[in-house]
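Numbering (our numbering), first residue to last: 13 to 140.
See the structure below:
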């Protein structure tokens with residue numbers, strides 16, 4: 013009878029190790045994904061800065077080529093107009109990023125739960 017308990021305990025230990033391994037794998041994947049996202053965000057931010065400055069530079073050149081003298085007030089008005097026009101785009105982009113993140117986390121949770129349930133079922137089958 014002690015032998016049966018030992019096999020059940022061994023099965024439970026194996027399930028614990030499997031669950032721990034699965035959890036560690038998921039945590040490492042999530043950490044890696046977060047690091048990649050932060051690096052990509054930095055690169056995107058820098059690219060956006062460059063793009064914005066290039067657009068402003070081109071606008072100033074066009075104004076000067078057209079014979080206008082560009083002063084600080086003109087530049088500020090142009091920047092304000094550009095910011096207002098893209099504000100709605102940012103709101104839409106933010107919503108899409110949130111939806112995408114939630115879908116990804118939902119998929120991860122589903123896969124984790126399925127693997128844990130499969131391992132738990134194996135233990136239940138082996139219990140005398």
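The C-beta atom is built at its ideal place from N, Cα and C for all residues, glycine as well.
Check	Outcome
With a cut-off of 8 Å on the beta carbons, I'd call residue 142 and residue 92 a contact; round off their distance for me.	It is not possible to answer for residue 142, since the shown part of the chain is limited to 13 through 140.
Helix, strand or coil: how does DSSP classify residue 97 here?	helix
By the three-class DSSP mapping on this structure, what secondary structure does residue 51 have?	helix
Going by the beta-carbon positions, is the gap between residue 90 and residue 71 smaller than 8 Å?	yes
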